[in-house]
């Protein structure tokens with residue numbers, strides 16, 4: 001099974017209570033790809049500038065990420081600079097330089113158009129729609145978004161949401177998009193916008209999933225130190241969709257199990273800057289933490 | 300098995316986004332008693348004023364709450380007035396009139412001193428210690444607290460905590476008492492203060508329990524409307540300890556199951572003002588929601 005992801009590949013400069021880094025590898029499509037690569041082949045569509053080093057390309061390739069869709073164009077790579085206080089749920093943006101990402105218009109390579117699974121990472125919903133126009137009958141389309149698009153591109157976002165299978169977003173975004181403070185009620189409203197399932201990421205509080213007559217709630221893996229939460233949502237998405245692609249029937253239990261795998265990969269990802277913890281992560285470690293998830297939640 | 304609770308019985312005046320009430324039955328010991336009464340006999344020690352109506356006494360008695368320890372003294376009953384915004388996690392206090400509660404010095408009736416289970420509801424830790432001096436070798440002592448005592452009576456509170464079996468408190472209190480922003484790390488620090496178990500209530504985010512080499516995490520029951528969160532923590536405590544008293548061996552699975560029962564009773568309690576939802580709640584309804592909890596959390 002093949003997974004197509006369209007999103008950003010970026011340089012992040014980040015300060016957290018535990019350290020500070022400059023221009024490390026980041027971006028939604030990066031985190032998603034590396035996380036999903038533990039379970040499935042990934043096809044990446046993104047754009048970088050001429051300053052994007054081979055070392056990062058080699059790293060992604062070493063994780064079996066197909067890079068035929070990674071375009072290198074004149075100019076500089078997308079840069080984000082931000083910091084987190086002790087409340088690691090809130091990222092504070094200090095600087096955003098879109099650079100080559102500003103004119104990103106995702107063109108899906110012909111050989112990617114038959115992808116079985118599509119992840120529309122957090123990009124302009126107009127571009128997400130443009131991706132949907134290019135792919136041929138995928139089995140499942142999952143879409144992420146962010147507050148910026150909820151505020152500035154609402155009609156396009158609603159159009160996208162009505163055409164995807166699963167909507168993935170965080171708790172603040174869910175409340176904002178549904179205009180409803182209660183998260184369960186917000187989730188129900190979002191279901192009414194078209195998707196079969198709504199998955200709401202709650203950071204340190206775990207994740208909930210809603211579907212027609214279905215509700216699932218998983219607490220977060222208990223970490224005593226969240227070193228850097230950047231990419232938690234995207235690595236959740238990658239672990240989730242990567243895992244789900246192994247279960248073509250997509251039964252309820254397969255979806256739930258995949259939410260646990262997504263949470264496992266995300267919990268590893270936040271243990272260090274960038275995707276560093278995922279670089280040498282093993283499937284054994286993933287399976288062990290999956291079992292721990294069973295232990296800490298069963299009654 | 301008998302459960303002794305020492306705490307407040309009060310009149311609450313409350314405004315939430317869903318309504319407003321004046322001088323309804325409230326107080327930590329009230330919520331605890333009614334919640335626990337679904338599972339076990341409860342012995343209540345508290346004080347009220349001459350204005351406390353027979354109707355409330357009759358209601359508690361109808362739930363098999365033993366009221367030999369409920370003292371009626373000259374003066375007025377404790378009154379609390381507060382409101383909640385849409386973020387129902389934060390109670391805003393408008394007025395507190397301690398009245399007869401100001402001189403509350405819990406005297407445990409002779410026939411209560413052999414109680415098997417003791418719940419020290421949220422009162423001055425000096426009074427909690429005084430209760431501990433009066434009871435004879437209970438099987439289990441659970442203690443609750445609040446920010447006021449953490450700020451003003453820290454040495455006495457630490458002394459109490461070192462002498463109880465289980466410490467029950469909410470997430471903000473856990474962070475404050477441990478002086479540690481990460482909740483898992485805070486829980487570990489609190490464990491180091493003496494109790495066998497630390498149970499941290501997280502409101503809409505559920506509950507976590509820590510013990511030596513043990514961690515349990517349960518999400519909250521998904522309510523689309525939390526009508527009034529007052530008493531959620533105490534009804535959790537009552538449902539928890541009431542349930543646990545049915546399992547004298549107190550195996551890990553018994554403790555976890557009881558945390559689920561506590562969450563179930565608390566989820567009913569917040570569906571209306573005061574203990575109104577608990578008045579005609581049935582064990583069948585409790586069991587049904589327990590099964591729902593299994594459904595929404597299993598994977």
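Protein chains in written order, with this note's numbering: chain A, 1 to 299; chain B, 300 to 598. No residue lacks a Cβ here, since even glycine has one placed at the ideal position from N, Cα and C. All of these numbers come straight from a predicted model, not from anything done at the bench.
Contact annotation for residue 216 of chain A against chain B: 595, 596, 598 [CB-CB distance below 8 angstroms, chain order]. The beta-carbon of residue 546 of chain B is placed no less than 7 angstroms from the nearest beta-carbon of chain A. If you check the CB distance, residue 413 of chain B and residue 300 of chain B do not come in under 7 angstroms. Counting the other CB atoms within 10 Å of its CB gives residue 410 of chain B a total below 16, which places it among the exposed residues. In summary, the residues of the region 502-531 of chain B whose CB is separated from some CB of chain A by less than 8 angstroms are 503, 504, 505, 507, 514, 515, 516, 517, 518, 519, 521, 522, 523, 524, 525, in the order they occur in the chain. According to DSSP, residue 496 of chain B shares a beta bridge with B:465, B:510. The Cβ-Cβ distance between residue 421 of chain B and residue 392 of chain B does not fall below 7 angstroms. Per DSSP, the unbroken alpha helix (DSSP H) holding residue 238 of chain A starts and ends at 232-244. Per DSSP, residue 589 of chain B is one residue of the alpha helix (DSSP H) stretching across 582-596.
Residue 379 of chain B has B:311, B:395 as its beta-bridge partners, per DSSP. In the structure shown, the three-state DSSP call for residue 331 of chain B is helix.
The three-state reading of DSSP puts residue 323 of chain B in strand, counting E and B together.
Listed along chain B, no residue sits closer than 8 angstroms to residue 266 of chain A by beta-carbon distance, the nearest being about 15 angstroms off. Collapsing the DSSP output to three states places residue 3 of chain A in a strand. Runs of the alpha helix (DSSP H) spanning 4 or more residues and lying entirely within the region 98-185 of chain A occur at 125-134, 147-152, 154-162, 171-178, in chain order. Judged by their CB atoms, residue 33 of chain A and residue 73 of chain A are not nearer to each other than the 7 angstroms cut-off. A straight line joining the alpha-carbon of residue 531 of chain B with that of residue 367 of chain B spans about 25 angstroms.
Taking a beta-carbon distance threshold of 7 angstroms, residue 483 of chain B counts as an interface residue toward chain A.
Taking C-beta atoms as the reference points, residue 394 of chain B and residue 375 of chain B fail to come closer than 7 angstroms. Around residue 480 of chain B, the beta-carbon contacts reaching into chain A at under 8 angstroms are 86, 87. Only 552, 555, 556, 558, 559 from the region 547-562 of chain B bring a Cβ to less than 8 angstroms from some Cβ of chain A.
Sequence-ordered contacts of the region 96-119 of chain A with chain B are nonexistent [C-beta pairs closer than 7 angstroms]. Here residue 283 of chain A is exposed: its Cβ has fewer than 16 other Cβ atoms, across all protein chains shown, within 10 Å. Contact annotation for residue 487 of chain B against chain A: 224 [CB-CB distance below 8 angstroms, chain order].
In terms of CA proximity to residue 11 of chain A, A:30 leads the group A:291, A:183, A:30. Scanning its chain for C-beta atoms nearer than 8 angstroms, with the 5 sequence neighbours on each side dropped, one finds around residue 426 of chain B the residues 305, 403, 404, 405, in chain order. Per DSSP, the continuous alpha helix (DSSP H) segment holding residue 257 of chain A begins and ends at 252-269. With a beta-carbon spacing of about 7 angstroms, residue 267 of chain A and residue 289 of chain A fall inside the 8 angstroms limit used to define contacts. For residue 58 of chain A, the uninterrupted alpha helix (DSSP H) segment begins and ends at 54-62.
Rounded to the nearest whole angstrom, the C-alpha separation of residue 342 of chain B and residue 361 of chain B is 13 angstroms. Comparing C-alpha distances from residue 355 of chain B to each of B:339, B:505, B:322, B:338 shows the shortest one belongs to B:322. Under the three-pair Cβ rule at 8 angstroms, the region 217-231 of chain A counts as touching the region 257-273 of chain A.
Residue 349 of chain B and residue 400 of chain B have their alpha carbons spaced roughly 12 angstroms apart. Residues of the same chain with a CB within less than 6 angstroms of the CB of residue 580 of chain B, apart from the 5 flanking positions on each side, are 567 in chain order.
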